Each structure stands twice: as C-alpha cells, then as structure tokens.
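Okay, structure first, notes after.
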Amino acid sequence: MKLLTRYISLSILSASLIGIQQSAAADVMEEETNHPVSLAQFVTPGMNGFELAGVLGNLTGTAVEDVDFYRFFGQAGDVVTLDVDFGIGGQRSVDTVLAIFGDAPGFRMLRMNDDSYPLDTGSNSTYDSRITNFVLPSTGVYYVGVSHYPRYFRDGGVTLSGAAANGDYHLVISGVSESMLHINIAIKPGSDEVAPLNPKARGRVPVALLSSAGFDPKDVDVKSLTFGHDGNEPSLEKCSKPETDLNGDGAKDMVCHFDNQMSEFRKGDIEGVLKGAMKDGTMLEGRGLLKVVPEKAH
Ligand SMILES: [Ca+2]
Ligand SMILES: [Ca+2]
Ligand SMILES: [Ca+2]
Ligand SMILES: [Ca+2]
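Under our numbering, the first residue of the sequence shown is numbered 77, with each subsequent residue one higher.
Below, the structure is given as structure tokens:
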C-alpha cells in the first residue's frame, strides 16, 4: 500500500473481509528469533511447495517491531514463487511486504513486492505480497524477508523505518528443487547390536554420521541437525569434531549427541531419522536401526 490514508481505511475494510478466505492448516510454523537476516529460519519447501504460518509481532495489543527471515537452498534455474496469503483477513490483518535476497555476506535484494495484482487464490486482498516466477540465478542459499508497509526492504536485509504493524500471515513457497544427500548413521555406535533405546530415559543418544565417498561430516551445518522419531525433533545437544573412523572407510566420522526424551521415540519404532543440511545448504537425511525397550524398574 502506498499511502497512509489508505492504510487507515484498510483496517476498517479488513474486518469485513475476515471469513471470505479461510486459512488452511500450515505445513511449517515460523520460529523466532528469525531476524536479522543472518538468523533466518532454515526451511525446505521442496518442488511441490509448502505453506508456512508466521506472525509479524503479535496478534493483540500494541504493535511491536518485528521482521521475519527464512532461508532455503535452491538450484540454478528453479522458478520460485513466494506468495503471502491471509496477511489481510487472518487473525490480525497486516499489509505485508516481501523480498528475496542472495546469500551472505551481502544479502543483495533480488526482488521485492508490496501489493500484488490480480488477487490470487488464498488471498483476501491485493495488499498481500507475491513474487511470481523468480528464476534462481545460481545454485545456493536464498533468503526471504517478510515485513510490512511502509517498512520496505533494502540490500542487506535492512528495512526502512516506519510505524510498527503486526499481524499473522501465511507464506507459500513453491518451485524449489529438492537436493537431498542421503547418508548412513549409526545410533549408539560401537556395538554390533541394534541400539536399545528407552524413550523415557534421561540423557543423550549418540549418533554417528558415517562418512562416504560423497559425504564428509566436517561439511555438515551442525546446528541444523534434528533427530528422532520422524527426524524433525529439535533434540540436538552437541557434536564432537570428526576424530575416529567408525565404519572403516579411512575417513573420519562425526558423533553427535541428542536429547533422548526430545527425540520422541515411541513403542514400535525400529529406526531413527536424522535430518539437517550441509554448510552449502544441501539437505541431509540419514536413517539408522534401533529398538525401543520398556522402561526398567528403578
Ligand atoms: Ca515473527
Ligand atoms: Ca522475526
Ligand atoms: Ca497471495
Ligand atoms: Ca502489501
């Protein structure tokens, strides 16, 4: 939106718009703190796209400062669409501004949008932002920023000053190629037995990330690692530096430790899933055998 006078009329208008388009369940939730741009939330939208639910600031009360950043890994030539829905007509309407940036350290702004025409399916208002068919110029990491009028973006993920405005939105990202590196892992390495695991026990589960021809553990983005029942559990405690060759291929493997309870294993599980990313943004997935054992009496 371009004029403050339009902004005032919008807040009256938006109330009457609630209910025209209902917000569907999102695939992913925003996780603060995702600003400044260097703290962007890592997301994996995939070719079929996903829908993320985010909130600029809060949903009630006085507006506070907020801007949201996400980062994803894409391939040169991917035709990516970024689409805000329910910015207007959600729980609290906000006039979104959207931009896509190149990688660190410059975070050069590649495209920006405030309002989009014509109205797309999923949006209640053309005040919702949309970047249509942006062609990724190279393979690598891209950053997406969500702000609000009049806080437009500039290079570096910087936003212009202006009154804070808050509200919820959905962000649909589509057209990003999958790039998945599959690795082998060993849960509780060092024994030939299938790892016994008691989901209720306190403590850590050691998991070895095993090197292979296409995988050097020292290139893992350690903080991205998640592990557990479905692989999305934020259970990481720490990883030690690759020191030992556990699988006998002559290359060093890395052992990481995950919180046992946060890994959310349950009766019947026969494998654990590790997910994460390499430092270049390539996604990583590994699976390893385990067996769930009942809690022993103390
Ligand atoms: Ca936020
Ligand atoms: Ca934020
Ligand atoms: Ca939209
Ligand atoms: Ca807008």
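Virtual Cβ for every residue (Gly too), placed ideally from N, Cα, C. The structure displayed is predicted, hence computed values, not measured ones.
Could you tell me whether the region 225-237 touches the region 148-166, where touching means 3 or more Cβ pairs closer than 8 Å? Under the Cβ criterion (8 Å, minimum of three pairs), the region 225-237 does not count as touching the region 148-166.
Could you round the C-beta distance between Y219 and R147 to whole angstroms and report it? I think they count as a contact, below 8 Å. Here residue 219 corresponds to residue number 143 of the sequence shown, with the count starting at 1. Here residue 147 corresponds to residue number 71 of the sequence shown, with the count starting at 1. Rounded, the Cβ-Cβ distance is 5 Å, consistent with contact.
Bridge partners - P282, DSSP secondary structure assignment: On the sequence shown, residue 282 is found 206 positions in, with the first residue counted as 1. Per the DSSP secondary-structure output, P282 pairs in a beta bridge with H333.
When DSSP labels each residue in this structure, what does E264 get in the three-state scheme? In the sequence shown, the residue the question calls residue 264 occupies position 188. Sequence check: residue 264 is Lys here, not Glu. K264 falls in the coil class under three-state DSSP.
Buried or exposed for L86, please, with buried defined as at least 16 other CB atoms from any protein chain shown within 10 angstroms of its CB. Here residue 86 corresponds to residue number 10 of the sequence shown, with the count starting at 1. Model confidence at L86 stands at a pLDDT of 45, short of 50, so the residue's coordinates are unreliable and nothing is read from them.
Would you say H305 lies against chain C (beta-carbon separation less than 8 Å)? The question asks about chain C, but that chain is absent: this structure has only one protein chain.
If you pair each beta-carbon of the region 271-278 with each one of the region 330-346, do three or more pairs fall below 8 Å? At 8 Å Cβ cutoff, the stretches touch.
What whole-angstrom Cβ distance do I261 and G362 have, given they're in contact under 8 Å? Along the sequence shown, read from residue 1 onward, the residue named residue 261 stands at position 185. Along the sequence shown, read from residue 1 onward, the residue named residue 362 stands at position 286. Confirmed, Cβ separation roughly 4 Å.
Relative to ligand 2, is the shortest distance from any of its heavy atoms to the C-beta of N200 smaller than 7 Å? As a working mapping, residue 200 is identified with position 124 in the sequence shown. No.
If you check the beta carbons only, do G150 and S253 fall under 8 Å apart? Position 74 of the sequence shown, counted from the first residue, corresponds to residue 150. Position 177 of the sequence shown, counted from the first residue, corresponds to residue 253. A contact, by the Cβ cut-off of 8 Å.
What number of angstroms, rounded off, separates the C-alpha of G165 from the C-alpha of V222? Within the sequence shown, numbered from 1, the residue matching residue 165 stands at position 89. Within the sequence shown, numbered from 1, the residue matching residue 222 stands at position 146. Looking at the two C-alpha atoms, the distance is approximately 17 Å.
Hey, how far is the Cα of S287 from the Cα of D196? Mapped onto the sequence shown, residue 287 falls at position 211. Mapped onto the sequence shown, residue 196 falls at position 120. Cα-Cα distance, rounded: 46 Å.
May I ask you to check if the CB of V349 is nearer than 7 Å to at least one heavy atom of ligand 3? In the sequence shown, the residue the question calls residue 349 occupies position 273. No.
Beta strand (DSSP E) containing A353: first to last residue? Mapped onto the sequence shown, residue 353 falls at position 277. Run containing A353: 347-353, per the beta strand (DSSP E) assignment.
Cross-strand partners of R168 (DSSP beta bridge): Sequence index remark: in the sequence shown, residue 168 carries index 92 (1-based). According to DSSP, which records beta bridges pairwise, R168 is partnered with nothing at all.
For the beta strand (DSSP E) holding A271, just list the boundary residues, first then last. Numbered from 1 along the sequence shown, position 195 holds the residue referred to as residue 271. For A271, the enclosing beta strand (DSSP E) has its first and last residue at 271-273.
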